[in-house]
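These notes concern the structure reproduced below.
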Amino acid sequence: MSLHDFDEEEHSGRVTGRTVLRILAQARPHWKWVLGFLLTVALVSFQDAFFTYLGKQIIDEGIAAGDRSALLRIVSLYGALILVQAVAVFTFIYLAGVLGERIQYDLRRRMFDHLQELSFSYYDRTPVGWLMARVTSDTERIAQLVTWGLLDSTWGLLNVFTAMVFMTIINWRLALVVLAILPILLLVAAQFQKRILAEFRAVRRANSRITASYNENITGVRVVKALAREEANLGEFSRLSGDMYRSSYRAAWLSALFLPAVQMVSAVALGSVVWFGGVQANAGEMTIGGIQAFIAYITLMLWPIQDLARVYAEMQHAVASAERVFALIDTRPEVVDRPGASDPGSVRGRVEFEHVDFFYEKGKPVLRDSASRSNPERLSRWWGRPAEESRRSLTCSAGSTSPKAA
Amino acid sequence: MALPAPQHAFDLKQTISASRLVGLWRMLTGFRGAYLLATLSLGVAAVSKTGTYLLLRRFVDHTLGNAEAMASLPWIALAFVGLALFEGGFTFLSGRLAAFTAEGIARRLRDYLFDHIQRLPFTYHDRTQTGDLIERSTSDVDALRRFFADQAIAAGRITLLFAVNLSALVMLNVKLGLFSIAVVPLIVVLSYFFFRRVSKAYEAYQEQEAKLSTTLQENLTGVRVVKAFARQAYEREKFDRDNWEKFRRGRRLLRMHAFFWPASDVLCGAQLLAGFYLAALMTMDGQITLGTYLAYAGMVVWLIFPMRNLARLIVQMSTGVVSHGRVAEIIKVEKEPLAEGRHEPVGPLRGEVVFENVAFAYDGSGRVLRDISFRCEPGQTVALLGATGSGKSSLVNLLPRFYEYTGGSLRIDGVELRDYPRHYLRRQIGIVEQEPFLFSRSVRENITYGVGREVPQEEIEAAARAAAIHDVVVGFPSGYDTLVGEKGVTLSGGQKQRVAIARTLLKDPRILILDDSTSSVDTETEAAIRAALDRLMEGRTTFIIAHRIPTVMRADLILVLEGGEIVQRGTHSELLSQPGIYRQIYQVQARIDQEVSQEVDRVVT
Numbered sequence: 000m001s002l003h004d005f006d007e008e009e010h011s012g013r014v015t016g017r018t019v020l021r022i023l024a025q026a027r028p029h030w031k032w033v034l035g036f037l038l039t040v041a042l043v044s045f046q047d048a049f050f051t052y053l054g055k056q057i058i059d060e061g062i063a064a065g066d067r068s069a070l071l072r073i074v075s076l077y078g079a080l081i082l083v084q085a086v087a088v089f090t091f092i093y094l095a096g097v098l099g100e101r102i103q104y105d106l107r108r109r110m111f112d113h114l115q116e117l118s119f120s121y122y123d124r125t126p127v128g129w130l131m132a133r134v135t136s137d138t139e140r141i142a143q144l145v146t147w148g149l150l151d152s153t154w155g156l157l158n159v160f161t162a163m164v165f166m167t168i169i170n171w172r173l174a175l176v177v178l179a180i181l182p183i184l185l186l187v188a189a190q191f192q193k194r195i196l197a198e199f200r201a202v203r204r205a206n207s208r209i210t211a212s213y214n215e216n217i218t219g220v221r222v223v224k225a226l227a228r229e230e231a232n233l234g235e236f237s238r239l240s241g242d243m244y245r246s247s248y249r250a251a252w253l254s255a256l257f258l259p260a261v262q263m264v265s266a267v268a269l270g271s272v273v274w275f276g277g278v279q280a281n282a283g284e285m286t287i288g289g290i291q292a293f294i295a296y297i298t299l300m301l302w303p304i305q306d307l308a309r310v311y312a313e314m315q316h317a318v319a320s321a322e323r324v325f326a327l328i329d330t331r332p333e334v335v336d337r338p339g340a341s342d343p344g345s346v347r348g349r350v351e352f353e354h355v356d357f358f359y360e361k362g363k364p365v366l367r368d369s370a371s372r373s374n375p376e377r378l379s380r381w382w383g384r385p386a387e388e389s390r391r392s393l394t395c396s397a398g399s400t401s402p403k404a405a
Numbered sequence: 000m001a002l003p004a005p006q007h008a009f010d011l012k013q014t015i016s017a018s019r020l021v022g023l024w025r026m027l028t029g030f031r032g033a034y035l036l037a038t039l040s041l042g043v044a045a046v047s048k049t050g051t052y053l054l055l056r057r058f059v060d061h062t063l064g065n066a067e068a069m070a071s072l073p074w075i076a077l078a079f080v081g082l083a084l085f086e087g088g089f090t091f092l093s094g095r096l097a098a099f100t101a102e103g104i105a106r107r108l109r110d111y112l113f114d115h116i117q118r119l120p121f122t123y124h125d126r127t128q129t130g131d132l133i134e135r136s137t138s139d140v141d142a143l144r145r146f147f148a149d150q151a152i153a154a155g156r157i158t159l160l161f162a163v164n165l166s167a168l169v170m171l172n173v174k175l176g177l178f179s180i181a182v183v184p185l186i187v188v189l190s191y192f193f194f195r196r197v198s199k200a201y202e203a204y205q206e207q208e209a210k211l212s213t214t215l216q217e218n219l220t221g222v223r224v225v226k227a228f229a230r231q232a233y234e235r236e237k238f239d240r241d242n243w244e245k246f247r248r249g250r251r252l253l254r255m256h257a258f259f260w261p262a263s264d265v266l267c268g269a270q271l272l273a274g275f276y277l278a279a280l281m282t283m284d285g286q287i288t289l290g291t292y293l294a295y296a297g298m299v300v301w302l303i304f305p306m307r308n309l310a311r312l313i314v315q316m317s318t319g320v321v322s323h324g325r326v327a328e329i330i331k332v333e334k335e336p337l338a339e340g341r342h343e344p345v346g347p348l349r350g351e352v353v354f355e356n357v358a359f360a361y362d363g364s365g366r367v368l369r370d371i372s373f374r375c376e377p378g379q380t381v382a383l384l385g386a387t388g389s390g391k392s393s394l395v396n397l398l399p400r401f402y403e404y405t406g407g408s409l410r411i412d413g414v415e416l417r418d419y420p421r422h423y424l425r426r427q428i429g430i431v432e433q434e435p436f437l438f439s440r441s442v443r444e445n446i447t448y449g450v451g452r453e454v455p456q457e458e459i460e461a462a463a464r465a466a467a468i469h470d471v472v473v474g475f476p477s478g479y480d481t482l483v484g485e486k487g488v489t490l491s492g493g494q495k496q497r498v499a500i501a502r503t504l505l506k507d508p509r510i511l512i513l514d515d516s517t518s519s520v521d522t523e524t525e526a527a528i529r530a531a532l533d534r535l536m537e538g539r540t541t542f543i544i545a546h547r548i549p550t551v552m553r554a555d556l557i558l559v560l561e562g563g564e565i566v567q568r569g570t571h572s573e574l575l576s577q578p579g580i581y582r583q584i585y586q587v588q589a590r591i592d593q594e595v596s597q598e599v600d601r602v603v604t
């Protein structure tokens, strides 16, 4: 494995079926929890759409019809549903959240236990920082995907879907108008998110360079002072902070533009609803409550659409994380006990080397045909230059690096 | 390559204030106009949003069902789009100006802190943890950035929306308007206390996460020891304990969220519904029009739900204030004045060094050096010998004015050391440390690190050859462009030291400070380093902190230190002829060397 394999490549995440299945498998032992939060979030999404529908009924069947008892009935139903929804919200936050923590716990535990088994050779070629990132941030991303990622996408798709269904029920022709604008909305949102995410990645990269720069300049402050490098270092640093400024500023104002842009597209939808709805209302084909409901539904659809690209990008990250985590879990330790090896409890300490060969890299033997015998009474010493050699022999006999045929 | 330092028009030292809010206000210097404009834009956007609802009211009351007004329908539709454009435009303007302010402040602060920290005296660095400084320069600066970019602006937005919508509602109908906000104070207070508790629980959660990371890191870096002692089971249990505790804290945090959100939803929902009911009844009674009802239903949402977020923002902003305080603590510390000094010669020093009754003590602690007197001619070598803590390092640290001597007189070329500017001195003094610090740059950049000019390749190679490192460097994958450190090659202790020697050769100082530590490398490397050091010392006044006799033997003056005082002085032969520490050390080391060579002979033959 070369050093380049350890680069933090954020976007190797092509969503492959096998990895996704394996990610989902992490949640399998807790499938009841998953089912629980998916059902409750579906209920919440449906209720959100239904609340808007009830709002329409208050206007049309209550106010416009002048029916006080109908009004009271609708308001009571509304109130009861608020309580139901509260229970549903409680359930999905608790289930998805705790499950996410639980999956993180499981994954970390499994990886840690596995890491204890891996051979020295694995640690020789793998930087500690790389391993740390796998156990900490990658497991978090996987857990997020199985819980909040799944929840967000379910909620988003359902919101759009139920809103469309209710709009069709109220007025199918007007619903078609909204449906026509939907793809534009999606396109605008996706384009924006793509650019914003790219800038945020640049910000993160700049941020880690800046942190590294602080770290180096502080730990090496003695050399900096001794060599009077202060001004040159500040010059170099301010180029880094300038990069960060540019990416960060761009990301921020793109984000600031994003919401208004999406709102503009939806305002066109609103304008169309007002226009066509107004025409229809005058012809008696549309109620005032109906127009109001359409306005509310369009707003309801906006949130998930804005969020869609973000959720998708996070899924890509999680898949990339999962690939690395699974690669670690699948690594077999190179030093394994022979089948039937037994633990004698204690040894007397007589060590014999007979024709032992050893290499780190194939074709470059480090030890060849070593033979030696040591008695428990005597501390055996290897003298050699460089001293590395003797240490290698010792680690070899401790079973940390397995002898191989050269 | 020396780059011009950016000019900071504004010294952040001026932002220091006893009042945290005043400090934050001063941080805004240079951006106040932009930030004010950002706030005003928010106001315009809020008015536009409310305008949309008022337009809806007009549309329902006057246009719908009115055949004559139908002609104006397209205009009303267009007005909706127009208002959205207005609202969107000003929202964007506000966001952009806020970003300009926040990012600008953050950048200025990052640059300032970077420069400030590298100019802080050693007395500060000695008692400050690197991790803590980095944390303050990154996380706390970011918290401050978020304060200006998101939190303050979002809090402003919510407040403005509340104010504008409430005024509009009250204008439509006073009773309805006031009734609608009955629950708002309760929501704000409850949310405030909730988010305060949550932010504590979140801190506890993050703390555990950090603890888990530390456990993991210790295990991974010490994996060889863990395996050698077969401690895997113990380590597993330890990690599992921390891991489980993190799970527990996460669950606690989630339980709080799971209770708060639906509970406050019910509170807000009940208020909303009660408002709808009252407004509907009023509409039926003819107190308000249907259009007013619709406008009300739209606007009231902006009065109630955002209040939870206002409380969250207030809690978050308080962490921004704390972060500002943590950053200000660094800014408060006085820098070393690098260029200050009465005497700055045009050319290099000669290198005559005179100590006269020099004393030194760290702030508030006992004396570290006392009554140090000796004299050293240009080009001579002084060796310092003594146990750890005897004051050897402290003594040489005085020369580049890393620390200020507290008594006596120290003169270089006849001029009191305090009168030289620090920068001048440091350019004249070269240091090769026991564990030289190299930067994660290319080998070339490391060698040229101390010279503020472009250095031709031949010169670099000449220095590297003299330091006996050229052959090693050429063997690296990309030669002199190979990166040093985690992302490139890892150098051994001896290689690092030779790079440091090359670095010092190129700098060409008149006075040298060497920390002799050839003890940790094998004999072949030791010979190479010795030869390199000899070339480096040629013609320079040299101070060697020595651990081994062979290094010391050729010095012009040997000082043996004990407890911050010179207990023996002289040349090798002089000191060997008198009883004392020097002779003892010499005898012990000679015996060890002899034993080792005997052992090798026995094993090899």
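Protein chains in written order, with numbering that gives the first Met the number 0: chain A, 0 to 405; chain B, 0 to 604. The beta-carbon is built from N, C-alpha and C at its ideal position, and this holds for glycine as well.
| query | result |
| --- | --- |
| Contact defined as beta carbons within less than 8 Å: I believe I412/A pairs with L185/A. What is the distance between those atoms, to the nearest angstrom? | Residue numbering for chain A in the displayed model covers 0 to 405; residue 412/A lies beyond these limits and cannot be assessed. |
| Name the two residues that bound the continuous alpha helix (DSSP H) containing A358/B. | No alpha helix (DSSP H) contains A358/B, which is instead part of the beta strand (DSSP E) from V352 to A360. |
| Relative to the C-alpha of L185/B, which candidate in L171/B, S572/B, V265/B and G406/B has its C-alpha closest? | V265/B |
| Leaving out five residues before and five after A505/B in sequence, what residues of the same chain have Cβ atoms less than 8 Å from its Cβ? | Note that residue 505/B is Leu in the sequence shown, not Ala. Closer than 8 Å at Cβ, skipping near neighbours: I446, T447, G449, V450, V454, E458, I459 and A462. |
| With a Cβ-Cβ cutoff of 8 Å, do A294/B and L175/B count as a contact? | no |
| Quick one: what does DSSP say D370/B is sitting in, helix, strand or coil? | strand |
| If contact means a Cβ-Cβ distance below 7 Å, which residues of the region 101-115 of chain B contact chain A? | E102, R106, R109, D110, F113 and D114 |
| With A358/B and G407/B assumed to form a contact (beta carbons below 8 Å), what rounded beta-carbon distance in angstroms separates them? | 5 Å |
| If we ignore side chains and look at the alpha-carbon of each, how far apart do G65/A and T167/A end up? | 26 Å |
| Between M166/A and chain B, is any beta-carbon pair separated by less than 8 Å? | no |
| Classify H605/B: buried if its beta carbon has 16 or more other beta carbons within 10 angstroms, exposed otherwise. | The structure shown does not extend to residue 605/B, since chain B spans only 0 to 604, so no value can be given for it. |
| Rounded to whole angstroms, how far is the Cβ of N232/A from the Cβ of V220/A, which I believe are closer than 8 Å? | At roughly 10 Å, the Cβ-Cβ gap does not stay under 8 Å, so N232/A and V220/A are not in contact. |
| Quick one: residues in its chain with C-beta nearer than 7 Å to the C-beta of A530/B, no 5 flanking neighbours on either side, listed in chain order? | A467 |
| Compute the Euclidean distance between the alpha carbons of I133/B and R249/A, then round it to the nearest angstrom. | 25 Å |
| Tell me which same chain residues have a C-beta within less than 7 Å of the C-beta of V187/A, skipping the five on either side of it? | A260, V261 and V264 |
| What runs of the alpha helix (DSSP H), each 4 residues or longer, lie entirely inside the region 184-238 of chain B? | 222-227 |
| G478/B and V472/B - do their beta-carbons sit closer together than 8 Å? | yes |
| For a test of the three-state rule: what should DSSP assign to A340/A, helix, strand or coil? | coil |
| What are the start and end residues of the beta strand (DSSP E) that includes V314/B? | Not the beta strand (DSSP E): V314/B falls in the alpha helix (DSSP H), residues P305 to K331. |
| What is the DSSP secondary structure of L558/B, counted as helix, strand or coil? | strand |
| Relative to chain A, which residues along the region 259-273 of chain B have a C-beta separation below 8 Å, given in chain order? | W260, P261, A262, D264, V265, G268, A269 and L272 |
| I'd like to know whether the C-beta of A531/B is nearer than 8 Å to at least one C-beta of chain A. | no |
| For L253/A versus R203/A, is the C-beta spacing smaller than 8 Å? | no |
| Please classify L27/B: does DSSP put it in a helix, a strand, or coil? | coil |
| So which residues on chain A does D418/B lean against when the C-beta distance must stay under 8 Å? | Within chain A, no residue comes near D418/B; the closest Cβ sits about 18 Å away, beyond 8 Å. |
| Assuming contact is defined by CB atoms lying nearer than 8 Å, are Q103/A and E60/A in contact in what I supplied? | no |
| Run through the DSSP bridge pairs and tell me what R568/B is partnered with. | L558/B |
| May I have the straight-line CA-CA distance separating L178/A from T318/B, to the nearest angstrom? | 44 Å |
| Would you kindly work out how many angstroms separate the C-alpha atoms of P375/A and Q115/A, rounded to a whole number? | Note that P375/A scores 47 on pLDDT, short of 50, meaning its location in the model is unreliable; the coordinates nonetheless yield the value given after this. Approximately 29 Å between the Cα atoms of the pair. |
| Which residues does DSSP list as the beta-bridge partners of C375/B? | V352/B |
| Anyone know if the C-beta pair for I430/B and A225/A falls short of 8 Å? | yes |
| With respect to the beta strand (DSSP E) encompassing V381/B, which residues constitute its N-terminal and C-terminal limits? | T380 to G385 |
| For chain A, is any of its Cβ atoms less than 8 Å away from the one on I157/B? | no |
| With a threshold of 8 Å between beta-carbons, can T18/A be considered close to chain B, or not? | no |
| Using the beta-carbon count (16 or more within 10 Å), is W154/A buried or exposed? | buried |
| Excluding five sequence neighbours on each side, which residues of the same chain lie with their C-beta closer than 8 Å to the C-beta of L54/B? | I75, A78, F79 and L82 |
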